[in-house]
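Protein chains in written order, with our numbering: chain S, 811 to 1186; chain F, 400 to 698.
As structure tokens, this is what we get:
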């Protein structure tokens, strides 16, 4: 592979819009994916992530906007003229060809030299040596997945697109393949663009995650950044879980914003406050909330919430998950690690809650507090 | 093909438990077996007997089986031009049917959208009138002073006294017309099953639409091609209506010979032998064809 300059093979989408007869699937999307990165497009079904992927693959044509790889405009290039390959959701392996020929398909179309050696190397990479002469239907789901990956990778594309590649696998295999995919990506050093609705999958594998909703990107960044500092209620709810509590902004005090939360004054770091309004949603992740007996000293100086009553206790092994009803009627989620040093509270007990101010975030009150909460 | 897989065996075991008697399966076969016995084995036996009749028999003196194998030699000697012509016409018609039928089936399967069902009905629609009537109307259409011939003469495609009726072209065209639905339907069935994403995947893997067709769509449609060509070729090779109505004696096919031997000259011995020869040739060709195209590898 000639690696003239890294920047010349990065993927750029600018102002890409795709309208179908009755709705807009993708709305003025801007996206830059650096060469060699593992990029995830995360969102619920119907958010436009697959349409975005198909436009990069050339299987759909944007209504407007442009798609470039490096300096080459590929917006209207035919699928077979793009340095892009896809791992399809249902693999789409050719049933009449064996594993070897499936993988060799792209190489043969481009009259590549040493097809057999390249296919063999690829089979080694995905750990399928010895399966070369089997037909796809003789393979397990996980093996088919690897063939689909090998078939795309062997062409050394500038960008590899993965459309829910692990969706058809069971949970255990999915975990194994996540690690596997990450290993392969690091090994080959290609740009992977991965579309998924599974937030855990996106966070485990990708360097950069873009959370997509209703045709636009809500927020983009490293997984930890998105999780710790969401900018919208959708991201806060879709990526993990969040407690969102209505509050009135009292004012700004240096690096902190003071918020009145049903009579309790809490503070949120200024760089985590994503609203200019007078009202907002105070957000805090359940595992950042500490729970204690009434009056007990809590190791979280700052925001202190009294008068909670435990309404639900779920013991899940590594942690205990509580629902705590606050005086204003809202139930907050609290996850506590089972370190063995803390007592496990029972249903109906009175408790105090607290969290360190630096973990809280503040979101705009105009956003739907239930956005991004999955129904399942 | 291969040995039973484990789940298949398990299913079989449970079927046994539920089914009770091990004879149930055979009883269920009985109606089909009876049908085959009555309408295939018995007539076939009588055909074989006829082919071994004493060639000197007649309606007046009666026929008797004297194992006269010479009937086969006579049949080949006297009627090999018709036999070869039948295979040639049927083969040509099958090839034309395949080309037209493939385009039609492809269009219905992939391009027709909501018109798909209507088009399928239109393909079958000719069956609502009799085979004979339809062929007779072609006789009118292709007649010497009909508009087709005069138009073609006007355009100098046909010579001044050129004609269509009673030519080999008319016979082959008639066969193509009459057997086209038998080609289209199996082709449609196998094309329609092809996952469009496979073609997308081929495009993604640098295949132009043309290459994608020959590397993916065509091989995946081979079961339909095999079924369609057999369903067309076999009856076409034995057909006599088209040659009778649209051809002249110069276009006689083996079907016409058998028909006239049976009904006019009552030479049952030669007719029977000729029928068996046609059958054996077709079975032989079909076996070679299936071996060659090899649908077993296909899913």
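Here a beta-carbon is modelled for each residue, glycine too, at the ideal position from N, C-alpha and C.
Check, Outcome
"Could you work out which residues of chain S lie near residue 362 of chain F, taking near to mean beta carbons separated by less than 9 Å?", "The structure shown does not extend to residue 362 of chain F, since chain F spans only 400 to 698, so no value can be given for it."
"State yes or no: is the C-beta of residue 668 of chain F within less than 7 Å of the C-beta of residue 452 of chain F?", "yes"
"Could you check the C-alpha separation between residue 1075 of chain S and residue 968 of chain S for me, to the nearest Å?", "52 Å"
"Ordered along the chain, which non-local residues of its own chain (more than five positions away) have a Cβ less than 8 Å from that of residue 1087 of chain S?", "1059, 1174, 1175 and 1176"
"On the criterion of 16 or more Cβ atoms from any shown chain inside 10 Å, does residue 1148 of chain S qualify as buried, or is it exposed?", "exposed"
"Residue 484 of chain F and residue 678 of chain F: beta carbons closer than 7 Å?", "no"
"Using C-beta distances below 8 Å, list every residue in its chain close to residue 477 of chain F, excluding the 5 sequence neighbours before and after it, in chain order.", "669"
"Roughly how many angstroms separate the alpha carbons of residue 626 of chain F and residue 857 of chain S, rounded to a whole number?", "44 Å"
"With H, G and I counted as helix, E and B as strand and the rest as coil, what does DSSP make of residue 1170 of chain S?", "coil"
"Please confirm whether residue 869 of chain S has its beta-carbon closer than 7 Å to some beta-carbon of chain F.", "yes"
"Given residue 919 of chain S, which residues of its chain have a CB within under 8 Å of its CB, disregarding the five upstream and five downstream residues?", "890"
"Can you confirm whether residue 626 of chain F, when its beta carbon is compared against all beta carbons of chain S, has any partner nearer than 7 Å?", "no"
"Taking 7 Å as the CB-CB limit, is residue 902 of chain S close to chain F?", "yes"
"CA-CA distance, residue 1030 of chain S and residue 829 of chain S?", "23 Å"
"Spell out a yes or no on whether the region 858-877 of chain S and the region 946-965 of chain S are touching, meaning 3 or more CB-CB pairs, one atom from each, closer than 8 Å.", "no"
"Output needed for residue 1063 of chain S: all residues of its chain with C-beta closer than 6 Å, excluding positions within five of it in sequence on either side, in chain order.", "none"
"Among S/1098, S/1151, S/1160 and S/1000, which has the Cα closest to the Cα of residue 819 of chain S?", "S/1000"
"Do the region 1155-1168 of chain S and the region 1117-1126 of chain S touch if we need at least three Cβ pairs shorter than 8 Å?", "yes"
"Just to confirm my understanding: we take residue 1023 of chain S, look at its own chain, exclude 5 residues before and 5 after, and list those with CB closer than 6 Å. What are they?", "853, 857 and 1044"
"Can the beta-carbon of residue 640 of chain F be found less than 7 Å from the beta-carbon of residue 474 of chain F?", "no"
"How would you write the range of the alpha helix (DSSP H) that residue 859 of chain S sits in, first residue to last?", "859-867"
"Here's a check: name, in chain order, each residue in its chain whose Cβ is nearer than 6 Å to the Cβ of residue 1049 of chain S, leaving out the five neighbours to either side.", "1009, 1036 and 1037"
"Determine, using beta carbons only, whether residue 619 of chain F comes closer than 7 Å to chain S.", "yes"
"Check whether the region 595-606 of chain F touches the region 909-916 of chain S, taking contact to mean three or more Cβ pairs, one atom from each stretch, closer than 8 Å.", "yes"
"Can you give me the C-alpha to C-alpha distance between residue 859 of chain S and residue 1005 of chain S, rounded to a whole angstrom?", "6 Å"
"If the cut is a Cβ gap below 8 Å, which residues of chain F does residue 1166 of chain S touch?", "Within chain F, no residue comes near residue 1166 of chain S; the closest Cβ sits about 49 Å away, beyond 8 Å."
"Identify whether residue 487 of chain F lies in helix, strand or coil by the three-state DSSP scheme.", "helix"
"Which value, in whole angstroms, describes the spacing of the CA atoms of residue 660 of chain F and residue 654 of chain F?", "10 Å"
"Applying a beta-carbon distance threshold of less than 7 Å, which residues of chain S neighbour residue 651 of chain F?", "Going along chain S, no residue has its Cβ under 7 Å from residue 651 of chain F, so there is no contact; the nearest lies around 42 Å."
"Consult DSSP for residue 811 of chain S and reduce its assignment to one of helix, strand or coil.", "Any reading at residue 811 of chain S must be qualified, since the residue scores a pLDDT of 40, below 50, and its modelled position is unreliable; the value itself is stated next. Here residue 811 of chain S sits in coil by DSSP."
"Runs of 4 residues minimum, wholly inside the region 574-657 of chain F: which ones carry the alpha helix (DSSP H) assignment?", "595-603, 608-611, 617-637 and 640-645"
"Shorter than 7 Å from the beta carbon of residue 481 of chain F to some beta carbon of chain S?", "no"
"Quick one: any contact between the region 516-535 of chain F and the region 573-589 of chain F, if contact means 3 or more CB pairs under 8 Å?", "yes"
"What does DSSP give as the partner residue(s) for residue 564 of chain F in the beta ladder?", "Note: residue 564 of chain F sits in no beta bridge, so no partner."
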